[in-house]
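Here the structure comes first, spelled out in structure tokens, and everything after it is commentary.
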Amino acid sequence: MAPRKNAKGGGGNSSSSGSGSGSGSPSTGSSGSSSSPGARREAKHGGHKNGRRGGISGGSFFTWFMVIALLGVWTSVAVVWFDLVDYEEVLGKLGVYDADGDGDFDVDDAKVLLGLKERSTSERTFPPEEAETQAELEEQAPEGAEAQNVEDEVKEQIQSLLQESVHTDHDLEADGPAGEPQSEVEDFLTATDSDDRFEALEPGTVHEDTEDSYHVEETASQNHPNDAEEVMSEQESSEEVRHEDYDEPVYEPSENERIEISDNAIDDSNIISEEINVASVEEQQDTPPVKKKKPKLLNKFDKTIKAELDAAEKLRKRGKIEEAVSAFEELVRRYPQSPRARYGKAQCEDDLAEKQRSNEVLRRAIETYQEAASLPDAPTDLVKLSLKRRSERQQFLGHMRGSLLTLQRLVQLFPSDTTLKNDLGVGYLLMGDNDSAKKVYEEVLNVTPNDGFAKVHYGFILKAQNRIAESIPYLKEGIESGDPGTDDGRFYFHLGDAMQRVGNKEAYKWYELGHKRGHFASVWQRSLYNVNGLKAQPWWTPRETGYTELVKSLERNWKLIRDEGLMVMDKAKGLFLPEDENLREKGDWSQFTLWQQGRKNENACKGAPKTCTLLEKFSETTGCRRGQIKYSIMHPGTHVWPHTGPTNCRLRMHLGLVIPKEGCKIRCANETRSWEEGKVLIFDDSFEHEVWQDASSFRLIFIVDVWHPELTPQQRRSLPAI
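Yeah, the sequence shown ends on 722 if you go by UniProt numbering, and it's all consecutive.
Structure, rendered in structure tokens:
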């Protein structure tokens with residue numbers, strides 16, 4: 001038994017020895033087998049004559065390798081076929097390691113991360129427009145169980161709703177503004193539709209922006225460089241840029257709500273500067289962002305053509321727009337059922353429209369976004385992105401009604417998304433339907449009482465309805481929330497303005513905070529439509545303006561100007577229209593306008609022909625498309641609230657015509673002056689100013705707006721009218 005035990009126990013040694021040296025040990029009990037060819041073959045393969053093995057033979061190793069390889073292949077097939085891996089999510093995670101700016105993670109990225117290759121600085125990792133789009137969706141996308149519920153609940157109804165509304169939407173857009181409801185007196189200024197946002201619009205007679213107007217003003221796109229002059233601020237652009245650039249819509253503020261960028265030298269030391277409990281922008285940025293669910297844009301079919309989609313998308317991200325358009329058009333031709341290919345085509349057309357400044361191409365993009373969202377099996381995230389972008393581009397073209405329909409459809413498809421409801425509220429405001437907007441925000445606040453965006457807009461509406469005291473807590477709490485869309489100069493202004501009107505001294509705290517946040521140049525100067533770098537001071541002398549000839553002409557002919565104004569008052573009092581910008585606390589204030597936005601009012605000039613002839617030679621005022629020329633009459637007992645003008649691009653001249661000996665005064669910033677008959681006062685009305693008329697008889701002045709003297713001729717020609 002001992003030899004058997006030794007043989008069994010020594011198999012490992014024999015195997016090891018045979019494997020290592022090709023000879024067996026004499027003590028293994030193999031009885032002469034080491035000298036035979038068979039034994040040598042067994043020893044070579046590390047085994048024994050009796051068939052026992054201490055290792056894996058070459059043939060067995062190859063067999064097992066093939067089995068494992070086949071299992072790997074079939075596992076890969078199963079993963080793809082049964083959709084076991086979310087490649088979008090995996091690639092999204094790897095995307096954060098995109099170090100060379102080509103839009104994906106590959107060997108070059110690994111080299112950069114390992115220090116074997118320098119990081120590229122010439123190419124952007126992700127286009128700003130795409131980043132904005134993704135960020136918007138991430139803010140809106142439901143998370144966790146809610147996301148799954150939305151997916152399940154709306155998957156089937158999306159297609160039917162989209163198909164039912166597509167023809168209606170086209171018809172309504174074709175109708176234009178003719179069928180739009182007219183806003184009430186207390187409503188916001190209605191933004192009218194225009195088919196050609198990029199082309200020169202036919203000018204119409206409009207009043208100067210009212211205090212609480214809500215309008216679309218396009219700012220420079222973040223996708224492409226702004227072609228406006230460098231000296232112009234981001235919110236200021238030429239007329240070409242106004243109608244041809246792409247950007248996000250903002251509200252058109254009024255006399256009382258403007259952002260100022262340029263410097264000023266006004267002493268703000270007398271302003272209260274107590275702290276306000278609002279997190280600073282830096283503090284908000286330091287807050288760790290909540291991880292959002294990455295949007296899923298590929299359905300099962302699109303995952304099978306993902307490589308082709310990625311190749312086309314890479315062209316778009318690298319700015320090769322024409323090539324990307326061709327690539328996506330070919331994909332749509334080959335795979336007409338692909339939502340992702342159609343969506344990529346829409347994005348490329350969107351980019352191309354911006355590059356070419358073409359309304360026609362943009363209208364194609366708007367249509368393609370609709371097609372992408374209407375395709376069968378379109379992922380819900382893609383539907384949301386497509387329709388949201390479609391609404392934005394419709395607003396850009398001035399198709400407010402079509403945009404509103406798109407927003408209504410989005411809310412119908414995604415009823416739990418309060419962000420979309422907030423957007424719908426903005427859509428109603430842009431249409432001048434503040435009653436419907438108010439209902440939307442009330443609905444949002446009933447569901448999410450702490451929604452800051454809904455609060456500031458609800459407060460905005462209440463203030464427009466002259467419910468001043470009620471608007472304050474909504475504006476204040478909305479700004480304090482720090483929610484996206486609340487850190488906006490107009491809301492700081494309206495909160496401060498409301499506080500001023502109820503006698504709350506905290507008003508200037510909010511103006512100061514708005515200044516610190518970059519919304520205002522100072523506590524005093526709070527305009528929004530500005531050119532950066534212009535000289536800023538509240539009071540000016542004729543010599544400082546350079547318009548001494550105009551001033552001399554006005555002062556030499558002041559009696560002629562006065563007499564024509566008095567004749568208009570006596571014969572046609574109806575031509576003097578009451579101030580309608582909600583600027584009066586009390587009293588009677590009316591105006592008679594000769595020029596508006598650089599356009600002559602021919603009928604009005606028939607009442608003051610000599611005055612109009614006198615002014616024709618001074619283009620700095622008749623051509624000032626951001627100003628007016630008008631008579632202004634104010635009766636005793638009138639007080640005009642502190643307010644600011646819309647832009648820093650103009651200066652305002654006041655020629656005294658009929659001035660009572662005492663009781664009439666005007667404050668601009670922290671200096672108060674009085675008018676004199678036959679003399680011109682010049683001030684910058686982008687600074688806060690206030691008027692009192694406590695005399696015993698009426699006060700009549702002549703208002704002449706002029707371009708800011710530091711504006712170039714090109715800027716004067718190209719700046720959009722206000």
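Idealized CB from N, CA, C, for every residue including glycine.
From a predicted model like this one, the values you see are computed outputs, not experimental measurements.
Outcome for residue 450 when other beta-carbon atoms lying within 10 angstroms are tallied against a minimum of 16 = Answer is exposed; the Cβ neighbour count stays below 16.
So the alpha helix (DSSP H) residue 612 belongs to, where does it begin and stop?
-> Its alpha helix (DSSP H) spans residues 609–615.
Beta-carbon contacts of residue 390 that lie in its chain and below 7 Å, excluding the five residues immediately before and after = Once the five neighbours on either side are set aside, the close Cβ partners of residue 390 are 366, 369, 370, 406.
Three-state secondary structure assigned by DSSP to residue 716 = DSSP places residue 716 in helix when its eight states are reduced to three.
Taking residue 343 as the reference, which of 302, 322, 320 has the closest Cα?
-> Ranking 302, 322, 320 by Cα distance to residue 343 puts 302 first.
Compare the Cα-Cα distances from residue 641 to each of 300, 513, 498 and report the closest residue.
-> Among 300, 513, 498, the Cα nearest to that of residue 641 is on 498.
Closest by C-alpha distance to residue 504, when choosing among 476, 681, 482 | It is 476 whose Cα lies nearest to the Cα of residue 504.
Local Cβ density within 10 Å of residue 630, reported as buried at 16 or more and exposed below that = Its Cβ being crowded by 16 or more others within 10 Å, residue 630 is buried.
Determine the burial state of residue 701: buried for a count of at least 16 other Cβ atoms within 10 Å of its Cβ, exposed for fewer.
-> So residue 701 counts as buried.
Do residue 634 and residue 693 have their CB atoms nearer than 7 Å?
-> A Cβ-Cβ contact shorter than 7 Å links residue 634 with residue 693.
With residue 412 and residue 403 assumed to form a contact (beta carbons below 8 Å), what rounded beta-carbon distance in angstroms separates them?
-> 15 Å between Cβ atoms; not a contact.
Taking residue 704 as the reference, give the member of 514, 674, 657, 711 with the closest Cα.
-> The shortest C-alpha separation from residue 704 is found at 657.
Just the C-alpha distance for residue 354 and residue 362, rounded to the nearest angstrom, thanks.
-> Rounded to the nearest angstrom, the gap between the Cα atoms of residue 354 and residue 362 is 8 Å.
Would you call the CB atoms of residue 485 and residue 453 closer than 7 Å?
-> At the C-beta level, residue 485 and residue 453 come within 7 Å of one another.
Measuring CB to CB, does residue 322 end up less than 7 Å from residue 315?
-> Their beta carbons are not under 7 Å apart, which means residue 322 does not touch residue 315 by this criterion.
Hey, out of 341, 524, 439, 326, whose CA is closest to residue 297's CA?
-> Of 341, 524, 439, 326, the residue nearest in Cα terms is 341.
Determine the DSSP secondary structure at residue 391, reduced to helix, strand or coil.
-> Correct three-state label for residue 391: helix.
When the distance is taken between beta carbons, is residue 373 closer than 7 Å to residue 352?
-> No.
What number of angstroms, rounded off, separates the C-alpha of residue 73 from the C-alpha of residue 67?
-> Between residue 73 and residue 67, the C-alpha separation is close to 10 Å.
In the DSSP assignment, find the unbroken beta strand (DSSP E) run with residue 584 in it and report its ends.
-> Where residue 584 is concerned, the enclosing beta strand (DSSP E) stretches over 584–586.
Assuming residue 560 contacts residue 610 under a Cβ cut-off of 8 Å, what Cβ separation, rounded to an integer in Å, is found between them?
-> Rounded, the Cβ-Cβ distance is 6 Å, consistent with contact.
Say whether chain B places a C-beta atom closer than 7 Å to the C-beta of residue 306.
-> Looking for chain B here will not work: only one protein chain is present.
Cα-Cα separation between residue 274 and residue 299, rounded to whole angstroms | For residue 274, the pLDDT reaches just 38, beneath the cut-off of 50, and the residue's location in the model is therefore unreliable, leaving the point undetermined.
Hey, out of 335, 426, 320, 326, whose CA is closest to residue 306's CA?
-> Taking residue 306 as reference, the option from 335, 426, 320, 326 with the minimal CA-CA separation is 335.
Mind reading off the beta-carbon distance from residue 639 to residue 587? Whole number of angstroms is fine, and I expect it under 8 Å.
-> Sure, about 6 Å apart at Cβ, within 8 Å.
So what does residue 628 bridge to, in DSSP terms?
-> For residue 628, which the question treats as bridged, DSSP gives the partners 596.
Taking the C-alpha atoms as reference points, what is the distance between residue 554 and residue 539?
-> C-alpha separation (whole angstroms): 18 Å.
Alpha helix (DSSP H) containing residue 309: first to last residue?
-> Residue 309 -> alpha helix (DSSP H) spans 306–317.
Give the secondary structure of residue 64 by DSSP, where H, G and I count as helix, E and B as strand, and everything else as coil.
-> DSSP places residue 64 in helix when its eight states are reduced to three.
Could you tell me if the beta carbon of residue 406 falls within a distance shorter than 6 Å of some heavy atom in the ligand FAD?
-> This structure lacks the ligand FAD, and indeed carries no ligand of any kind.
What is the residue span of the alpha helix (DSSP H) that residue 460 lies within?
-> Going by DSSP, residue 460 is part of the alpha helix (DSSP H) stretching over 452–464.
Would you call residue 525 buried or exposed, if buried means 16 or more other Cβ atoms sit within 10 Å of its Cβ?
-> Burial is judged here by how many other beta carbons sit within 10 angstroms of a residue's own beta carbon; residue 525 has at least 16 and is buried.
When burial is assigned at 16 or more other CB atoms within 10 Å of the CB, is residue 500 buried or exposed?
-> So residue 500 ends up on the buried side.
Pick from 440, 683, 570: whose alpha carbon is nearest that of residue 545?
-> Per the Cα distances, 683.
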